[in-house]
Amino acid sequence: MPLPNHHPLQRPFVCRYQFPDPMAADPEGEGLIALGGDLAADTLVCAYRQGMFPWFNEGEPIAWWSPDPRCIIYPSDFCASKTLKRRIKNAGWTFSLNLAFSEVIAACADTRRAYAQASTSATWISPAMIEAYTDLHAEQVAYSVEIWDNDELIGGLYGLKLGQAFFGESMFHRVTDASKAAFFVLMQLCAHSQFAWVDCQLPNPHLLRLGASILPRAEFLARLAQQLSLPSIDWSSICGQKLPLDQLLNEDLMTYYLPPSAQA
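The working numbering puts the first residue of the sequence shown at 1289, with every later residue one more than the last.
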């Protein structure tokens, strides 16, 4: 079933808090903008729309961040490595969108928890964060990408979709290259949805190896406002079903899932 044209899926979100301007509140570019508030859907959406995201350990006050510089990746410029393409071609995996959001965010939390134990730090994907992003999923704001080996969930990622911006949150894998495969799916989907970039928040070696780059925060915020003003493409008709991953290696095959009329 083809996707319909641009369609406003999300209700208006109204925040009862007034977030400070990141450039004014943090002129030195340390990244921390505000403390407090809550994790209600309206609060989260308003924060993301202003270039902020929550990042704090369980038991600490809610902290809102807007780092300088910002890590992003351009879907139109993303090119999967030969190794990843070969893996996708031969593995027989399938992918899905929003088929197992709860399982994906729980797996991401487990991965972060394992890292935290190894480094004696804490994980930021707490039960409160899981509940908050699950609520955003119910609001058709948070999306997950899943990678399957038959009926086994082996990798995935989740993030937020607002306007023509996608905000990546976390990813996991249980099989080598499965998180990279989920990232490949996201890049294909965002490129054909005309998203200028995907927000990766903070740079790390893994993201940089995938092709991420950095932008000064001022430039990120200006471009974010432009991307949020654009209508978002409805992804709902490909949600909840498993599709062959290797077919995405074919040039422009994503137009089967996102036909030209939906990309106008």
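Just so you know, even glycine gets a beta-carbon here, dropped at the ideal spot from N, CA and C.
Tell me which residue opens and which closes the beta strand (DSSP E) that residue i is part of.
i, result
"phenylalanine 1454", "1453 to 1461"
"aspartate 1487", "1486 to 1489"
"phenylalanine 1572", "In the structure as shown, the chain starts at 1289 and stops at 1552, and residue 1572 therefore has no counterpart that could be examined."
"aspartate 1437", "1430 to 1437"
Leaving out five residues on either side along the sequence, give the residues of the same chain with a beta carbon under 7 Å from the beta carbon of residue i.
i, result
"methionine 1340", "Phe1307, Pro1310, Ile1321, Trp1352, Trp1353, Ser1354"
"lysine 1373", "Leu1537"
"histidine 1295", "Low per-residue confidence applies at histidine 1295: pLDDT is 42, beneath 50, and the placement is therefore not dependable enough to give any value."
"tryptophan 1381", "Ile1435, Trp1436, Asp1437, Ala1469, Leu1533"
Can you tell me which of the options puts its alpha carbon nearest to the alpha carbon of residue i?
i, options, result
"proline 1519", "Gly1451, Arg1511, Tyr1431", "Gly1451"
"asparagine 1438", "Lys1449, Asp1487, Ala1379, Phe1483", "Ala1379"
"alanine 1313", "Ile1521, Leu1490, Ala1506", "Ala1506"
"tryptophan 1343", "Tyr1336, Gly1324, Trp1412, Lys1370", "Trp1412"
"valine 1333", "Leu1536, Gly1528, Leu1516", "Leu1516"
"methionine 1417", "Trp1436, Thr1399, Ile1393", "Ile1393"
"histidine 1494", "Ala1479, Ser1524, Ser1525, Phe1460", "Phe1460"
"glutamate 1561", "Arg1511, Asp1356, Trp1523", "In the structure displayed, the chain extends from 1289 to 1552; residue 1561 sits before or after that span and is not available."
"leucine 1441", "Glu1391, Glu1316, Gln1535", "Glu1391"
"arginine 1299", "Thr1371, Glu1427, Asp1522", "Glu1427"
"asparagine 1345", "Asp1365, Pro1415, Phe1383", "Pro1415"
"tyrosine 1336", "Lys1449, Trp1381, Lys1377, Ala1479", "Lys1449"
"phenylalanine 1483", "Asp1365, Arg1462, Asn1492", "Asp1365"
Tell me which same chain residues have a C-beta within less than 6 Å of the C-beta of residue i, skipping the five on either side of it?
i, result
"alanine 1375", "Note on identity: in this sequence residue 1375 is arginine, with alanine being the wrong assignment. Correct list, in chain order: Asp1465."
"glycine 1598", "Nothing can be reported for residue 1598, as the shown portion of the chain is limited to 1289 through 1552."
"alanine 1552", "For alanine 1552, the pLDDT reaches just 37, beneath the cut-off of 50, and the residue's location in the model is therefore unreliable, although a value from the coordinates is still provided. Once the five neighbours on either side are set aside, alanine 1552 has no close Cβ partner at all."
"leucine 1509", "Gly1339"
"phenylalanine 1472", "Ala1368"
"serine 1481", "Ile1521"
Whole angstroms is fine: what's the gap from residue i's alpha carbon to residue j's?
i, j, result
"cysteine 1367", "aspartate 1330", "35 Å"
"glutamate 1419", "glutamine 1476", "28 Å"
"arginine 1304", "alanine 1513", "20 Å"
"glycine 1347", "alanine 1395", "21 Å"
"proline 1532", "phenylalanine 1301", "35 Å"
"alanine 1469", "serine 1525", "21 Å"
"alanine 1328", "aspartate 1487", "21 Å"
"serine 1407", "leucine 1474", "Because the pLDDT of serine 1407 is 49, which lies under 50, any placement of that residue in the model is unreliable, and the number read from its coordinates should be weighed accordingly. Cα to Cα, the separation comes out at about 29 Å."
"arginine 1497", "alanine 1479", "19 Å"
How far does the alpha helix (DSSP H) with residue i in it extend, from its first residue to its last?
i, result
"cysteine 1359", "First-last for cysteine 1359: 1358 to 1361, but that is the beta strand (DSSP E), not the alpha helix (DSSP H)."
"tyrosine 1336", "1329 to 1337"
"lysine 1449", "Note, lysine 1449: premise wrong, no alpha helix (DSSP H); beta strand (DSSP E) at 1440 to 1450."
"alanine 1470", "1466 to 1480"
"alanine 1420", "1415 to 1426"
Residues in its own chain within less than 8 Å of residue i by CB, not counting five upstream and five downstream?
i, result
"phenylalanine 1389", "Thr1422, His1425, Ala1430, Tyr1431, Ser1432, Tyr1446"
"arginine 1400", "Thr1411, Trp1412, Ile1413, Ser1458"
"leucine 1323", "Pro1349, Ile1350, Ala1351, Trp1352"
"glycine 1528", "Ser1384, Leu1385, Asn1386, Leu1387"
Could you check whether the stretch 1491 to 1503 touches the stretch 1358 to 1375, counting it as contact only if at least three pairs of C-beta atoms, one from each stretch, sit closer than 8 Å?
yes
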